[in-house]
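Quick note, the sequences are listed as chains V and F, same order. Take any residue in the first sequence, note its place counting from 1, add 28, and you have its number in the numbering used here. Take any residue in the second sequence, note its place counting from 1, add 8, and you have its number in the numbering used here. The beta carbon of each residue, even a glycine, is placed where N, CA and C say it ideally should be. Below is one structure; the comments refer to it alone.
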Amino acid sequence: MFTKVISLFRVTAVRLSIIYTLIFGVLAVGIVFYMTGATVNVLREQYQASIDNEVTGLARIYNRGGINSLVRTLDRRARAPGANLYVVTSPQGEIIAGNVPRMQNGIMRKVGWTDRPFKYERFDDESDREHRAIARVLEVPNGMRILVGRDVSEYEGFREVVGRGFKLALGTMVALGLLTWFFVGRGALKRIDQVSKSSQRIMGGDKSERLPITGANDEFDRLSENLNHMLDQINHLDDGVKQMSDNIAHDLKTPITRLRNKAEEAFSLKSKPEEQQDKIADIIDDCDSIVKTFDALLMISRVESGSTVIKLEELKASDILMDVHELYEALVEDKNKLLNLELVLPETLTVMGNRELLSQAVSNLIDNAVKYGGNEITLSGAVGENQLVIKIIDNGEGIAEDDHTRVIERFVRLDKSRSMSGNGLGLSLVKAISEIHKGTFKLANNNPGLIATLKIPLLGQ
Amino acid sequence: MKILIVEDDDEAAKFLIKGFSEAGHNPIHAVDGDTGLHLAKTEQFDVLILDRMLPKLDGLSLLKEVRADDDNTPALILSALGAVDDRVEGLRSGGDDYLTKPYAFSELLARVEVLAKRTGNDESDTVLKVGELELDRLSREVRRDGQKILLQPREFRLLAYLMKNAGTVVTRTMLLEKVWDYHFDPQTNVIDVHISRLRGKIDKDFNEPMLLTIRGAGYKLQKPENNI
């Protein structure tokens, strides 16, 4: 039980409510004290005013009729029910008239208001109840002193009633508060326990486990939903990495085996230095192509993972296409093919992009068209749906519709291309580049031929 | 040519020292950044070759300290990091060229020789001259033996770069970087076609070829052999 209470305090909501309640409590106590104090002051001032009035009246009676008239008046007033307090003392200090049989010592010694309420006894009350009063002492010229006072139990009682009510209210509040904290906090703790148990199972290797969602649609559910979503993504990435490393292992083993075979061959060609030289040159080429594969892989993962690392800048769309076209035109012509450039876009059209990456994407697609396409290739740039639409169209054999998506995946090489140089990463890189530009990349049939479409959002879209 | 090689891998360093010595240069080796910086500050070199990852002081920091002393010795950075932005960072630190590992030695040698030459002359020359071949950057005219040759804009830039580095081997990658400003490697060799077209214009009608293909390395523009 005790540890449970201790752990309740670790729940932020409970800690906060306790702090709030404490602050509220202190403020409430302060306000109640201030209010009762002010009310009591007002009452006391009223009492004092009425005593003052009476004293002034008595002084007038004394002046007019002397001491006898005064004593008579006092005697009459003292006997009235619920009367004020009246005491008359001789110059020697003995009580000679009044309705107070006994009172605190020394009250008559000081002329004027008593400092604070004092204790006294009443004739009309036989009980042990304590009476308290405030009073004013007046000295008449013959040295006699007159006390006029008023019982204060009325407003002292008021203070007591307020205090009692306040204590009751505060007590109830604290009790209810504790009860609420206990149940709310325990609920919260239970949810947190469930979440940590689930996450322990996930850490333990159960990757299909997800955090519980109660359907209450509260902040816990929202948090769990987000965390579950995150777990899904991590799983997805994790699977990607696994598949990727499997592919790498598989796809690099082949060229490395080939490399090793060639090295062995070269080694056995000691007697024929010329042939050995050729073999070794061949080996160096193979090494370079393996390095290129690695570079392409690194590039793809870099592009896929680090959209923040790669800087995008404002680029003129037509420049990118014209430059790549210019780079390839001569090569394509040398192969007795045609590379058309069709620009249907304003010369000033800009995109947010990375020149190097976009050029590489277009260059990869033209490379493919030159390798597998027919004898006429068209590089076109146009604007559609707030996007720069780049198309590389050829009139070759094309790719079967079913393979359009698959061929973009890493290391996928269709049977026809297996005999050609290449690493099966070209289109994956184009796809990754399109994604970093928040664009899309798709293949379609040209009947005959292939249309590769790269769409990049225009600036400000 | 005196070359400072700051490289912590022994095998790689031996390979470089052997290569540069055979090419007739004088390579000096430092195994870590501190030693490299000390050497760069106390001796005069024609080119610095700096590995990016080095013990004690990395290549880029070393280069920044060298540049802080107003020392503009051409520097080439070698790195296993090859992405566009790594290259930009390397060049921003004061590097003049950037080469990604692994590299062909011929590529490194060509780049180092071009770098060393850079300090000599020409960045501001308006007329480049190699033998009887003349290129005027202002009027954009090219003549060989006084005969006017018409070039496409890109061919003009290509020839200007080759002439600026006349007598030195330049690789395909260097041409792609300096003339086209592309740092990726196209799968097909696009540069050869451009070179052969340029050659068709400046060499075809003349007996002695000036634009030579250097096997396994790249290209070299030089004065016709019999004129030397």
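- Under the 8 angstroms criterion on CB atoms, residue 192 (chain F) is classed as interfacial with respect to chain V.
- DSSP places residue 202 (chain F) within a helical segment (H, G or I) once states are collapsed to three.
- Under the Cβ criterion of 8 angstroms, residue 228 (chain V) is not counted among the residues facing chain F.
- Interface flag for residue 320 (chain V) against chain F is set, since a Cβ pair is found closer than 8 angstroms.
- Under the DSSP definition of a beta bridge, residue 357 (chain V) lacks any partner.
- Note that the C-beta distance between residue 102 (chain F) and residue 87 (chain F) is not below 8 angstroms.
- In this structure the region 346-365 of chain V touches the region 189-203 of chain F; the number of beta carbon pairs closer than 8 angstroms is three or more.
- One alpha carbon belongs to residue 243 (chain V), the other to residue 250 (chain V), and they sit about 10 angstroms apart.
- Take residue 74 (chain F), set aside five residues on each side of it, and the residues of its chain with a beta-carbon closer than 8 angstroms to its own are 45, 48, 49, 56, 81, 83 and 102, in chain order.
- In the DSSP assignment, residue 415 (chain V) falls within the beta strand (DSSP E) that extends over 415-422.
- Taking one beta carbon from each stretch, the region 390-401 of chain V and the region 453-461 of chain V have 3 or more pairs nearer than 8 angstroms; the two touch.
- Chain order gives no chain V residues near residue 82 (chain F), where near means a beta carbon separation below 8 angstroms; the closest approach is about 24 angstroms.
- From the beta-carbon of residue 456 (chain V), no residue of chain F is found nearer than 9 angstroms; the closest lies around 14 angstroms away.
- Boundaries of the beta strand (DSSP E) harbouring residue 106 (chain F): 105-108, taken from the DSSP string.
- Against chain V, the beta carbon of residue 177 (chain F) has no neighbour under 7 angstroms; the closest one sits roughly 17 angstroms away.
- When the Cα atoms are used, residue 45 (chain V) and residue 214 (chain V) turn out to be separated by approximately 14 angstroms.
- In this structure, residue 176 (chain V) lies away from residue 90 (chain V), with their beta-carbon atoms at least 8 angstroms apart.
- At a Cβ-Cβ threshold of 8 angstroms, residue 63 (chain F) and residue 41 (chain F) count as neighbours.
- Counting only the Cα atoms, residue 255 (chain V) lies some 47 angstroms from residue 196 (chain F).
- Membership of residue 185 (chain V) in any beta strand (DSSP E) is not indicated; the residue belongs instead to the alpha helix (DSSP H) covering 181-231.
- By the Cβ test, the region 101-113 of chain V is not in contact with the region 202-210 of chain V, since fewer than three Cβ pairs between them sit closer than 8 angstroms.
- For residue 38 (chain F), the enclosing beta strand (DSSP E) covers residues 34-38.
- Taking a contact to require three or more Cβ pairs closer than 8 angstroms, the region 373-384 of chain V and the region 336-354 of chain V qualify as touching.
- With the rule of 3 Cβ pairs closer than 8 angstroms, the region 163-170 of chain F counts as touching the region 140-151 of chain F.
- Proximity of chain F to residue 384 (chain V) at the Cβ level (cut-off 8 angstroms) is accounted for by 92, 190, 191 and 192, in chain order.
- For the region 42-54 of chain V, there are no residues whose beta carbon sits under 7 angstroms from a beta carbon of chain F.
- Under the three-state reduction of DSSP, residue 166 (chain F) is assigned to helix.
- At a Cβ-Cβ threshold of 8 angstroms, residue 139 (chain V) and residue 165 (chain V) count as neighbours.
- Neighbourhood of residue 205 (chain F) in chain V, by CB distance below 7 angstroms: 358, in chain order.
- Chain-ordered, the chain V residues with CB closer than 7 angstroms to the CB of residue 196 (chain F) read 359, 395 and 398.
- No Cβ of chain F is located within less than 8 angstroms of the beta carbon of residue 463 (chain V).
- By the neighbour-count criterion, in which a residue is buried when 16 or more other Cβ atoms sit within 10 angstroms of its Cβ, residue 35 (chain F) is buried.
- One finds 354 in chain V with Cβ atoms closer than 7 angstroms to the Cβ of residue 162 (chain F), taken in chain order.
- A direct Cα-Cα distance of roughly 9 angstroms separates residue 234 (chain V) from residue 227 (chain V).
- Taking a C-beta cut-off of 7 angstroms against chain V, the contacting residues of the region 96-112 of chain F are 110, listed in chain order.
- Taking 8 angstroms as the cut-off, the Cβ atoms of residue 305 (chain V) and residue 298 (chain V) do not count as close.
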